[in-house]
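Peer 1: One structure coming up, written as structure tokens, with questions to follow.
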Amino acid sequence: MAEIKPTRMELIKLKRRIKMATRGHALLKMKRDGLIMEFREILEEAKEVIGGMVEKYSKANEKITLAKAVDGVLAVKSVAISCQCEPTFTIKKKNIMGVVVPVVKREKIRRKVTEREYGVIATTARIDEAVAAYEELVDAILEVAEIETTVKRLIEEIERTKRRVNALEYRVIPSMKEAAKYITFKLEEQDRENIIRLKKIKSKMAQKEEVAKAAEKEKAETAA
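The opening position of the sequence shown corresponds to residue 9 in my numbering, with each subsequent residue numbered one higher.
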């Protein structure tokens with residue numbers, strides 16, 4: 009507290025800072041609570057999306073295993089080499105309470121049999137089904153990537169906001185309040201000292217007046 013100037017101007021400034029910090033603390037708490045609500049909603053959606061991807065992965069694995077077993081590994085590899093189509097997508101941004109998250113705008117990966125690069129006549133329905141299952145899986149993976157990034161960024165922002173809320177609540181605001189109490193105490197102490205000093209001055213002045221009056225009275229009596 010030694011570095012704090014116990015002046016009225018300093019106390020006014022400090023009270024203003026406490027008011028601003030308290031308002032900021034309230035706003036940050038609102039932001040934190042809002043982010044947590046958003047996070048919970050997106051987390052439920054993420055569970056569904058990830059669950060769907062896991063199902064699609066299992067389905068694709070079953071289809072490819074069956075195709076390899078019946079049609080042969082070479083036939084499956086030949087089709088895999090022929091399928092050179094890459095997913096087409098663009099990444100845009102969305103703002104969730106100040107948190108920028110990606111939004112993946114993509115074309116559906118799943119295509120018709122006739123739109124694929126390999127010859128339809130040379131393949132079986134099993135291979136077609138395996139290809140379709142993997143196309144659906146790629147689409148699901150892109151969806152998971154988007155929502156996982158959103159979840160991660162929300163968690164980071166929630167933690168960052170929590171740290172700021174706690175810093176204000178447990179360190180900054182209490183410290184400023186203690187400083188304000190210290191200045192108030194010092195100012196009251198100064199006021200008490202000033203009152204005592206004024207009383208002493210008044211007392212001395214009163215004594216001097218009495219002495220002066222007594223001297224005048226004595227002088228008057230002597231003259232008489």
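All residues carry an ideal CB built from backbone N, CA and C; glycine is no exception. Owing to the predicted nature of the structure, the values given are computational and were not obtained by experimental measurement.
(1) Short of 7 Å in beta carbon distance, which residues of its chain neighbour V87, apart from the five on each side in sequence? Order them along the chain.
(2) Please list, in chain order, all residues of the same chain as T8 whose beta carbon is under 7 Å from its beta carbon, the five residues on each side excluded.
(3) Thinking C-alpha only, which one of R200, K216, S211 and L195 is nearest M263?
(4) What's the gap between the Cα of K64 and the Cα of V152?
(5) Could you tell me the alpha carbon to alpha carbon distance between A222 and I12, rounded to whole angstroms?
(6) Given this structure, state the Cα-to-Cα distance separating G42 from T158, to the nearest angstrom.
(7) Between which two residues does the beta strand (DSSP E) containing I104 stretch?
(8) Determine the direct distance from the alpha carbon of R161 to that of R168, and round the result to whole angstroms.
(9) Going by beta-carbon coordinates alone, are I155 and E53 separated by less than 8 Å?
(10) Taking R172 as the reference, which of E197, N202 and K37 has the closest Cα?
(11) Does the beta carbon of R31 come closer than 8 Å to any beta carbon on chain B?
(12) Where does P110 sit, in a helix, a strand or coil, going by DSSP?
(13) On the DSSP letters alone, give me the boundaries of the alpha helix (DSSP H) that V146 sits inside.
(14) Is E18 helix, strand or coil when you go by DSSP?
(15) Would you identify the three-state DSSP class for Q92, choosing helix, strand or coil?
(16) Just verifying my parser: in three-state terms, what is the DSSP assignment at K13?
(17) Could you tell me if E165 is buried or exposed, where buried requires 16 or more neighbouring beta carbons within 10 angstroms of its beta carbon?
(18) Can you give me the Cβ contacts of L74 inside the same chain, cut-off strictly under 7 Å, excluding the 5 residues immediately before and after it?
Peer 2: Here's the rundown:
(1) Within the sequence shown, numbered from 1, the residue matching residue 87 stands at position 79. Scanning its chain for C-beta atoms nearer than 7 Å, with the 5 sequence neighbours on each side dropped, one finds around V87 the residues Y126, T131, I135 and V139, in chain order.
(2) Within the shown structure, residues of the chain are numbered from 9 to 232, placing residue 8 beyond reach of any answer.
(3) Any question about residue 263 goes unanswered here, given that the chain covers just 9 to 232.
(4) Translated into the one-based positions of the sequence shown, residue 64 becomes position 56. Translated into the one-based positions of the sequence shown, residue 152 becomes position 144. Put simply, the backbone Cα of K64 is about 12 Å away from that of V152.
(5) Taking the first residue of the sequence shown as position 1, residue 222 is located at position 214. Taking the first residue of the sequence shown as position 1, residue 12 is located at position 4. Going from the Cα of A222 to the Cα of I12 covers about 50 Å.
(6) The sequence position of residue 42 within the sequence shown is 34, counting from 1. The sequence position of residue 158 within the sequence shown is 150, counting from 1. When rounded, the distance between both Cα atoms is 15 Å.
(7) By 1-based counting over the sequence shown, the position of residue 104 is 96. That run of the beta strand (DSSP E) goes F97 to I104.
(8) The sequence position of residue 168 within the sequence shown is 160, counting from 1. The sequence position of residue 161 within the sequence shown is 153, counting from 1. Going from the Cα of R168 to the Cα of R161 covers about 11 Å.
(9) Looking up residue 155 in the sequence shown gives position 147. Looking up residue 53 in the sequence shown gives position 45. The answer is yes: Cβ separation under 8 Å.
(10) Counting from one through the sequence shown, the residue named residue 172 turns up at place 164. Checked all of E197, N202 and K37; the closest Cα to R172 is K37.
(11) Reference to chain B is not applicable here, since this structure consists of a single protein chain.
(12) Looking up residue 110 in the sequence shown gives position 102. Here P110 sits in strand by DSSP.
(13) Position 138 of the sequence shown, counted from the first residue, corresponds to residue 146. For V146, the enclosing alpha helix (DSSP H) starts and ends at A133 to A175.
(14) Counting from one through the sequence shown, the residue named residue 18 turns up at place 10. The answer is helix: DSSP assigns E18 an H, G or I state.
(15) Within the sequence shown, numbered from 1, the residue matching residue 92 stands at position 84. Residue state, collapsed to three classes: coil.
(16) One-based indexing of the sequence shown puts residue 13 at position 5. Of the three classes helix, strand and coil, the one that applies to K13 here is coil, per DSSP.
(17) To locate residue 165, count along the sequence shown from 1; it is residue 157. Taking every protein chain shown into account, the CB of E165 has 16 or more other CB atoms within 10 angstroms, so this residue is buried.
(18) Within the sequence shown, numbered from 1, the residue matching residue 74 stands at position 66. Closer than 7 Å at Cβ, skipping near neighbours: R134.
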